[in-house]
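K.L.:
Chains as they are written, first to last, in the numbering used here: chain A, 1 to 115; chain B, 1001 to 1117.
Just so it is clear, CB atoms sit at the ideal spot from N, CA and C, and this is done for glycine as well.
None of these values were measured; they are calculated from a predicted model.
1. Short check: CB of residue 1059 (chain B) to CB of residue 1048 (chain B), under 8 Å?
2. Which of the three DSSP states is assigned to residue 69 (chain A) in this structure?
3. In terms of alpha-carbon separation, which member of B:1014, B:1012, B:1107 and B:1068 lies closest to residue 1050 (chain B)?
4. How about residue 16 (chain A): is its C-beta nearer than 8 Å to some C-beta of chain B?
5. Using 8 Å as the limit for Cβ to Cβ distance, is residue 1111 (chain B) near chain A?
6. CB-CB under 7 Å to residue 1034 (chain B), same chain, minus the five flanking residues each way: which ones, in chain order?
7. So residue 1042 (chain B) contacts chain A; which residues on that side make the cut at Cβ distance below 9 Å?
8. Would the beta-carbon of residue 1026 (chain B) fall within 8 Å of that of residue 1093 (chain B)?
9. Let's test the definition: count the other Cβ atoms within 10 Å of the Cβ of residue 32 (chain A) and tell me whether it reaches 16, buried, or not, exposed.
10. Assign residue 31 (chain A) to one of three DSSP states: helix, strand, or coil.
11. Taking only beta-carbon atoms, is residue 44 (chain A) less than 8 Å away from chain B?
12. Does any residue of chain A have a CB that is nearer than 8 Å to the CB of residue 1090 (chain B)?
13. Report the rounded CA-to-CA distance for residue 1038 (chain B) versus residue 1086 (chain B), giving the unit in angstroms.
14. Return helix, strand or coil for residue 83 (chain A), following the three-state DSSP convention.
15. Determine the closest residue to residue 35 (chain A) out of A:51, A:28 and A:29, with distance taken between C-alpha atoms.
16. Contact check, residue 104 (chain A) vs residue 21 (chain A) under 8 Å by CB: the rounded distance?
17. Once the 5 residues before and after residue 1021 (chain B) are set aside, which same chain residues still bring their CB inside 6 Å of it?
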C-alpha cells in the first residue's frame, strides 16, 4: 500500500532556531515529492517539488532533500520566524500513467514558532 | 493571474441534507482535484476532473460526486450528509499534464469549511 509517514507530528521551536521535518514514503512507482505549507484554515501552498533525480531544492529559508534510494525526504527550516508556524505536508506523486490515486499525502507536521 | 477560488467559504448543514461546493480553477488550468481534510485523517483525495471527465477517483462512497464544466469550473456534491462529513474541502487546479520533469504542480484554493449538525 502506498503510504507517506511524517515525523514528528508536532514541533515547538524558538524564533531564530532551525528545525528539520522528516518524511518517509513507500509510494511506487515514484514520480515526484512535494512539500506544502498550510496555514490554519487556508489551502496548502507549495514550497518545493523534487523529482527522483534531484536530491536538494531550496526556497528561501526552506531546503528540502530527497534520498530516493532510502525513500526519505526532509524539510529544513533555517532561522525560523513566527510566520513559519503552520502545518507542513509531504506529498508523493505516482508516476504518470500509473493506475490509481496519483497523490499520497502525509499526515503533516504542525510547527509552532515561539518568540 | 487570479488564484483558485472556492465558494462558499463556510457552510452549515444538518444531517440528511445535501450540499454543493464550487471551485473555479486558475485560468488555463484544465484539471481540478477535490480533497477532504479532517484533523483525524489528514488530506484525502476525492476525485480529479480533467476536460469535463473524471480521470481519477479516491475511496469515498457514492454520496460524493462531482462534475466539471466546459470552462473548467467544477462542483462537488455531497448527498445525505453525515456528521463525519464535517471537514475542510479543498480543490486544487493544475494544467493536468506533466512536463518532462513530471512535476505537474497543483495550486490549492482556500477551501470550504463544511459543518454538519
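P.N.:
From the atom records:
1. Counted from its first residue, the second chain places residue 1059 (chain B) at position 59. Counted from its first residue, the second chain places residue 1048 (chain B) at position 48. Contact annotation: residue 1059 (chain B) and residue 1048 (chain B) have beta-carbon atoms that are not nearer than 8 Å.
2. For the purposes of this step, residue 69 (chain A) is taken as the residue at position 69 of the first chain. Residue 69 (chain A) falls in the coil class under three-state DSSP.
3. Position 50 of the second chain holds residue 1050 (chain B). For residue 1050 (chain B), the nearest C-alpha among the options comes from B:1068.
4. Stepping through the first chain from its first residue, residue 16 (chain A) is reached at position 16. No, no contact with chain B.
5. Start at 1 with the first residue of the second chain, and residue 1111 (chain B) comes out as number 111. So, interface residue.
6. In the second chain, counting from the first residue as 1, residue 1034 (chain B) sits at position 34. Around residue 1034 (chain B): 1046, 1047, 1066, 1076, 1089 and 1091.
7. Taking the second chain and counting its residues from 1, the one referred to as residue 1042 (chain B) is at position 42. Those within 9 Å of residue 1042 (chain B) in chain A are 89, 105, 106, 107 and 108.
8. Walking along the second chain from the start, residue 1026 (chain B) turns up at place 26. Walking along the second chain from the start, residue 1093 (chain B) turns up at place 93. At a Cβ-Cβ threshold of 8 Å, residue 1026 (chain B) and residue 1093 (chain B) count as neighbours.
9. Taking the first residue of the first chain as 1, we reach residue 32 (chain A) at position 32. When all chains shown are included, residue 32 (chain A) counts as buried.
10. Taking the first residue of the first chain as 1, we reach residue 31 (chain A) at position 31. Here residue 31 (chain A) carries a strand assignment [DSSP, helix/strand/coil].
11. The count along the first chain starts at 1 and reaches residue 44 (chain A) at position 44. Using a Cβ-Cβ cut-off of 8 Å, residue 44 (chain A) counts as an interface residue toward chain B, since at least one Cβ of chain B sits closer than that to its own.
12. Against the second chain, residue 1090 (chain B) aligns to sequence position 90. Taking Cβ atoms only, chain A reaches closer than 8 Å to residue 1090 (chain B), which makes this a yes.
13. Taking the first residue of the second chain as 1, we reach residue 1038 (chain B) at position 38. Taking the first residue of the second chain as 1, we reach residue 1086 (chain B) at position 86. Approximately 8 Å between the Cα atoms of the pair.
14. Residue mapping note: residue 83 (chain A) aligns to position 83 of the first chain, counting from 1. Here residue 83 (chain A) sits in helix by DSSP.
15. Taking the first residue of the first chain as 1, we reach residue 35 (chain A) at position 35. For residue 35 (chain A), the closest C-alpha among the options A:51, A:28 and A:29 is that of A:51.
16. Along the first chain, one-based indexing puts residue 104 (chain A) at 104. Along the first chain, one-based indexing puts residue 21 (chain A) at 21. That belief does not hold up - the Cβ atoms of residue 104 (chain A) and residue 21 (chain A) are roughly 17 Å apart, past 8 Å.
17. Taking the first residue of the second chain as 1, we reach residue 1021 (chain B) at position 21. Cβ within range, chain order: 1076, 1089 and 1112.
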